[in-house]
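I have placed the structure first, in the form of structure tokens, so that the comments after it can refer back to it.
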Amino acid sequence: MTESKLLQPYDPGVVPPDSEPCPFCNISASFAPFDPDHPPPVNSPSLDPAKLAPPAFVVLSTPTLIAFLDILPLSPGHLLLCPRSHRPKLTDVTPAEAAELGVYLRVLSAALVRATGVPDWNIVQNNGAAAAQVVNHVHYHLIPRPEIRASGKFRESFTMFGRGVREELDDEEAVVLAEKLRQCVALVLEEEARKGRL
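The sequence shown begins at 35 in our numbering and counts up one residue at a time.
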């Protein structure tokens, strides 16, 4: 059995200095690519969230990209999608990475709606500290937006751009949700292949 790679807990409220390891690069290095059409089973050592501290719950892992649950989600299902290679801003990604990011933003969006049952979502991408980018590695946030007006919870609101109250991801719920998302990604890809869209 291999030893887990334990890193210092990551504080998303603090911009890490350039001398500290990039948490997204650590996730990319710790999780091998897998075929999104046929993801490994939930109990596979290749998906073990405890490889890192804090744990990482990987949803998609291609040779170019990786997607995982946000450790401080704005809502259940909040995902991050980024290139494996360290690219600080969107202008730093290669054309091939940009193309694959575009494909998987759409696929992950469809999977997110299926997995959460929430038909509305935001896709947010920040570039630089002044634009609220906390981790200096380009990434997209896919954030389900449940309807709160109909629920009567008028005091409840959603945060954006890193401001507001966020709760830590529950590890047990995250394992279940990440598995559901991986299966939904596979279903979306299967349907897209049948339609000749991918």
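Quick reminder that beta carbons are idealized off the backbone N, C-alpha and C, glycines included. All of these numbers come straight from a predicted model, not from anything done at the bench.
Closest residue to residue i among the options (Cα-Cα distance)
{"i": "V219", "options": "F68, L203, S80, T128", "result": "F68"}
{"i": "E207", "options": "L124, V158, T150", "result": "T150"}
{"i": "C56", "options": "L106, A165, H173", "result": "H173"}
{"i": "E201", "options": "K85, I105, K123, F58", "result": "I105"}
{"i": "G111", "options": "G230, E225, V210, E224", "result": "V210"}
{"i": "R216", "options": "S64, F58, P74, S62", "result": "P74"}
{"i": "A63", "options": "S80, N170, E224, H72", "result": "S80"}
{"i": "E225", "options": "A66, I61, D71", "result": "D71"}
Identity of the residues DSSP links to residue i by a beta bridge
{"i": "L142", "result": "DSSP output for L142 lists no bridge partner at all."}
{"i": "P74", "result": "Answer is none; P74 lacks a bridge partner."}
{"i": "P117", "result": "L99"}
{"i": "H175", "result": "L114, V158"}
Helix, strand or coil at residue i [DSSP, three-state]
{"i": "D45", "result": "Note that D45 scores 47 on pLDDT, short of 50, meaning its location in the model is unreliable and no value can be drawn from it."}
{"i": "A101", "result": "strand"}
{"i": "N156", "result": "strand"}
{"i": "C56", "result": "coil"}
{"i": "V169", "result": "coil"}
{"i": "V93", "result": "strand"}
{"i": "G230", "result": "coil"}
{"i": "E181", "result": "coil"}
{"i": "G136", "result": "helix"}
{"i": "T128", "result": "coil"}
{"i": "E202", "result": "coil"}
{"i": "S62", "result": "helix"}
Status (buried if at least 16 other CB within 10 Å, exposed otherwise) for residue i
{"i": "N77", "result": "exposed"}
{"i": "P83", "result": "buried"}
{"i": "R228", "result": "exposed"}
{"i": "H175", "result": "buried"}
{"i": "G136", "result": "exposed"}
{"i": "K39", "result": "Low confidence applies here, because K39 scores a pLDDT of 42, under 50, leaving its location unreliable and the question unanswered by this model."}
{"i": "A166", "result": "exposed"}
{"i": "P107", "result": "buried"}
Contact set for residue i: own chain, Cβ-Cβ below 8 Å, skip 5 residues either direction
{"i": "E131", "result": "T98, L99, P117, S119, R121"}
{"i": "L115", "result": "L94, L99, I100, A101, L135, Y138, L139, L142, H173, Y174, L176"}
Beta-carbon proximity list for residue i, same chain, < 6 Å, skipping 5 on both sides
{"i": "V222", "result": "V141, A144, A145"}
{"i": "V152", "result": "P178, P180"}
{"i": "D154", "result": "R179"}
Cβ neighbours of residue i in the same chain (closer than 7 Å, five flanking residues each side left out)
{"i": "P89", "result": "P83, D205"}
{"i": "L124", "result": "Q159, N161, V172"}
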